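Residue 148 in our numbering is what sits at position 125 of the sequence shown, and the numbering runs on without skipping anything.
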Amino acid sequence: MFTHLPSLGVGLGFRQPFKSDLFLNRQQVDFLEIVAEHYLQPSWQQQQELELLASHFPLIPHAINLSLGSAEGVDTDYLRQLAALIKQLNPPWWSEHICFTRAGGVDIGHLSPLPYTKEAVKVLCRNIAEVQRWIDVPLILENITYMVTLPSAEMTEAQFLAEVVKNADCGLLLDVTNLYINAVNHGYDVQQFMQDLPWERVVQLHFVGGHWHDGILIDSHSQATPPQIWELIDEVVARVAIKGIVLERDENIPEFAQLTAELQQAREIGRRHGRWG
């Protein structure tokens, strides 16, 4: 279904602290994922940065504040700016999260989970349809981490993800770290979760390591990827022809050589399964 999309390979979430090192190691990074919100109302310097990045790497916009799960609908002004950015970059796909970040017109500043209900699926699909009227570039949706499971669940998380992407005709950005963290914190079976996923819609992966705090595994994007997540990556890549895999490192950013070592490990997994060069 998404076989027509190009295979981008192994990418990195762009962050300012390693900008100089990135350009010194261009051959080790196939593409970049950028946080869309950083460039929606760009200053002159941000616009120059965006053009510089785009001249050296394929760019995938990753939005965080569209709030696709909001019952009151999406913010038209925000959507207009996002559509302009995506039109400027003309990427093969772009991504957002299955969550809500606004309620009652208030920005809550957090990726918040939705109840796994048919009504929530309808809200998401209605908002996604509105977004697709503005943006015709393929959209892929990401699974998030959550601290609490909302009541009134009518289906499992994996079944909910499958219902949303099928009904909205979107791809899936499978965050392997988020999958692992939720399984650890909420005690569910990763293998059962993966059995319920719509593998034909998985386009891209995210990976990174988190940290423990008071017995809870936190999705802090602050540590090297642990062995358990590498094992999951290997299993996922063996199942499906992934188009791209992205390392997201936001905190405690190490020497760039440590990031490229993780990229190389991901590249080797892909090569072993014939996924990318």
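Just so you know, even glycine gets a beta-carbon here, dropped at the ideal spot from N, CA and C.
Predicted model only: the values in this text are computed from it and were never measured.
ask   = Thinking C-alpha only, which one of VAL269, THR172, GLU223, HIS244 is nearest HIS209?
value = THR172
message = Assess contact between the stretch 120 to 136 and the stretch 59 to 74, defined as three or more Cβ pairs (one per stretch) separated by less than 8 Å. Is contact present?
response = no
ask   = Applying the criterion that 16 or more other CB atoms from any shown protein chain within 10 Å of the CB defines a buried residue, is THR168 buried or exposed?
value = buried
request  = Mind the definition here: the stretch 249 to 269 touches the stretch 90 to 97 only if three or more C-beta pairs lie below 8 Å; say whether that holds.
outcome  = no
task = Use the C-beta contact count for ASP242: other C-beta atoms within 10 angstroms, 16 or more gives buried, fewer gives exposed.
result = buried
message = Considering only DSSP beta bridges, list what ILE241 is partnered with.
response = HIS234
message = With H, G and I counted as helix, E and B as strand and the rest as coil, what does DSSP make of PRO40?
response = helix
request  = Indicate whether SER135 and ILE163 have their beta-carbon atoms separated by less than 7 Å.
outcome  = no
query = In terms of residue numbering, what span does the beta strand (DSSP E) encompassing ASP198 cover?
reply = 194 to 198
query = Do you know how far the Cα of LEU228 is from the Cα of HIS277?
reply = It is worth fixing the name first, because residue 277 is Pro in this sequence and not His. Each residue's alpha carbon lies about 21 Å from the other.
inquiry  = I'd like to check one pair, ALA106 with ILE158: are the Cβ atoms closer than 7 Å?
reply    = yes
task = Measure the beta-carbon distance from PRO138 to SER175 and round it to whole angstroms, keeping in mind my assumption that it falls under 8 Å.
result = 5 Å
ask   = Can you tell which of ALA86, TRP116, PHE183, ARG298 has its C-alpha closest to the C-alpha of VAL259?
value = ARG298
query = Under a three-way DSSP split, which group does TRP222 fall into?
reply = helix
request  = Please report how far the alpha carbon of ASP192 lies from the alpha carbon of GLU223, in whole angstroms.
outcome  = 12 Å
ask   = Does the separation of the CB atoms of GLN111 and LEU63 fall below 7 Å?
value = no
query = Taking one C-beta from the stretch 37 to 55 and one from the stretch 239 to 256 each time, how about it: are there three or more such pairs within less than 8 Å?
reply = no
query = Are PHE41 and PHE279 closer than 7 Å when you measure CB to CB?
reply = yes
ask   = Which ranges does the alpha helix (DSSP H) cover as unbroken runs of at least 4 residues, wholly within the stretch 126 to 178, from first to last along the chain?
value = 141 to 157
Start and end residues, beta strand (DSSP E) containing HIS120 = 117 to 120
Neighbourhood of LEU196 by C-beta distance below 7 Å, restricted to the same chain and skipping five residues each side = SER118, ILE163, LEU164, GLU165, VAL226, GLN227, HIS229
inquiry  = Just list the residues that DSSP pairs LEU55 with in beta bridges.
reply    = LEU35, LEU82
key: First and last residue of the uninterrupted alpha helix (DSSP H) at VAL188   = 180 to 191
Run of the alpha helix (DSSP H) containing VAL259, from where it starts to where it stops = 250 to 262
ask   = Quick one: what's HIS229 bridged to in DSSP?
value = ASP198, VAL269
query = Across which residues does DSSP place PHE123 in a beta bridge pair?
reply = SER135
Pick from GLY32, LEU45, HIS85 that is closest to ALA59, judged by C-alpha positions = HIS85
query = Which stretch, first to last residue, makes up the alpha helix (DSSP H) that contains ARG294?
reply = 279 to 295
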